[in-house]
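**Q** Have a look at the structure that comes next, please.
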Amino acid sequence: MPAPQPPKRKRTGLVIGIVAGALAVLLGVAVTLVVVLQPKEVQVGDCIDVFDEQASRVERVKCGSAESDYDVVGILGYEAEDCPGSFSVVNDGKTYCVLLDVEVGDCLSTYVEDELPIKLDCSDPKTEDQVTKVEPNGDPEAVCAEGEGWYSAETPPRTVCFGDKQNA
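Residue numbers (the numbering used here): -1 to 166.
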C-alpha cells in the first residue's frame, strides 16, 4: 500500500503578491507616461505665473491658483508686435496673448504704464489695487464703478475692475 500523499500547499499568498506587484508596475508606467507625455511648453488654454511686471520669466501653473496671473488665449511668433485685443507677454522667443486670471478680492501690482499687472498677495506692501469685478464682456465704463480703474480685453472679451485695496 502506497504511503498517503501530503496535502498540497495553497499558494494564495504568492498569487496575491504577484498580482499586487504587477499592478504596482502598471501604475508606475502609467504615471511615468502621463508625466513624460504632458507638454512642457505653454499651450493655449494653460495659465502662467509671471514672476515680475517685465515678464522676465514665466511658468505654467494651475488656472485659478494663487500663482496664476494669466490665461493664455493665443501664441504668436516672436516678431509679433502685440496681441489683438489682449495683453501680450514676450518670453522664450514667443508672444503669448493673455488675459488676467483673477477673481473678485485678488490684489494686483500697482498700475504702471508699460508694465504688466500681476497678482500679488494682498499683504504685500506693493499692492494698492484690489479686483472688485470680473465681467466676461461689456463696456468698462458701464461695468466698473465711478473712480475704479479697469483692464479690458477684446479677444475674448473680459473686463476686470479694480479699486483701492481694502484691509486684507
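Here a beta-carbon is modelled for each residue, glycine too, at the ideal position from N, C-alpha and C.
Keep in mind it's a predicted model, so treat the numbers as computed, not measured.
(1) Beta carbon of Gln41, beta carbon of Ile16: below 9 Å?
(2) Could you tell me if Ala151 is buried or exposed, where buried requires 16 or more neighbouring beta carbons within 10 angstroms of its beta carbon?
(3) For Val132, report the span of its beta strand (DSSP E) as first-last.
(4) Based on the DSSP secondary-structure assignment, which residues constitute the bridge partners of Glu168?
(5) In the structure shown, what three-state DSSP assignment does Ala64 receive?
(6) Measuring only the C-alpha atoms, how far is Asp44 from Ala143?
(7) Look at the alpha carbon of Val96 and the alpha carbon of Phe85, and state the distance between them as a whole number of angstroms.
(8) Would you decide whether Tyr76 is buried or exposed? Buried here means 16 or more other CB atoms lie within 10 Å of its CB.
(9) Grab me the residues of Asp69's own chain with a C-beta within less than 6 Å of its C-beta, minus the 5 sequence neighbours each way, in chain order.
(10) Spatial neighbours of Gln164 within its chain, please: CB distance less than 8 Å, with the 5 preceding and 5 following residues excluded, ordered by chain position.
(11) With DSSP collapsed to three states, give me the class of Pro82.
(12) Around the C-beta of Pro115, are 16 or more other C-beta atoms found within 10 angstroms, so that it is buried, or is it exposed?
(13) Does the separation of the CB atoms of Asn135 and Thr153 fall below 9 Å?
(14) Could you tell me the boundaries of the alpha helix (DSSP H) in which Pro138 lies?
**A** Taking the geometry as given:
(1) As a first step, residue 41 is located in the sequence shown; it is residue number 43 there, counting from the start. As a first step, residue 16 is located in the sequence shown; it is residue number 18 there, counting from the start. It is not a contact, given that the beta carbons lie outside the stated cut-off.
(2) The residue given as residue 151 occupies position 153 in the sequence shown. Classification of Ala151: buried, given that the 10 Å Cβ count is 16 or more.
(3) For this step, residue 132 is matched to residue 134 along the sequence shown. For Val132, the enclosing beta strand (DSSP E) stretches over residues Thr125 to Glu133.
(4) Residue 168 cannot be examined here, being either before or after the span of the chain that is shown, -1 to 166.
(5) One-based indexing of the sequence shown puts residue 64 at position 66. In the three-state reduction of the DSSP assignment, Ala64 falls in the coil class.
(6) In the sequence shown, the residue the question calls residue 44 occupies position 46. In the sequence shown, the residue the question calls residue 143 occupies position 145. If I take the Cα positions, the gap works out to 31 Å.
(7) By one-based count along the sequence shown, residue 96 stands at place 98. By one-based count along the sequence shown, residue 85 stands at place 87. C-alpha separation (whole angstroms): 5 Å.
(8) Your numbering for residue 76 matches position 78 in the sequence shown. Looking at its Cβ environment, which holds fewer than 16 other Cβ atoms inside 10 Å, Tyr76 is exposed.
(9) For this step, residue 69 is matched to residue 71 along the sequence shown. For Asp69, where only same-chain residues beyond five positions count, the Cβ hits under 6 Å are Cys45, Leu97 and Asp99.
(10) Against the sequence shown, residue 164 aligns to sequence position 166. Hits under 8 Å: Gln128.
(11) Sequence index remark: in the sequence shown, residue 82 carries index 84 (1-based). Looking at Pro82 - three-state DSSP - the assignment turns out to be coil, as it is neither helix nor strand.
(12) Taking the sequence shown and counting its residues from 1, one reaches residue 115 at position 117. Classification of Pro115: buried, given that the 10 Å Cβ count is 16 or more.
(13) For this step, residue 135 is matched to residue 137 along the sequence shown. For this step, residue 153 is matched to residue 155 along the sequence shown. Contact: no.
(14) As a first step, residue 138 is located in the sequence shown; it is residue number 140 there, counting from the start. Note, Pro138: alpha helix (DSSP H), Pro138 to Val141.
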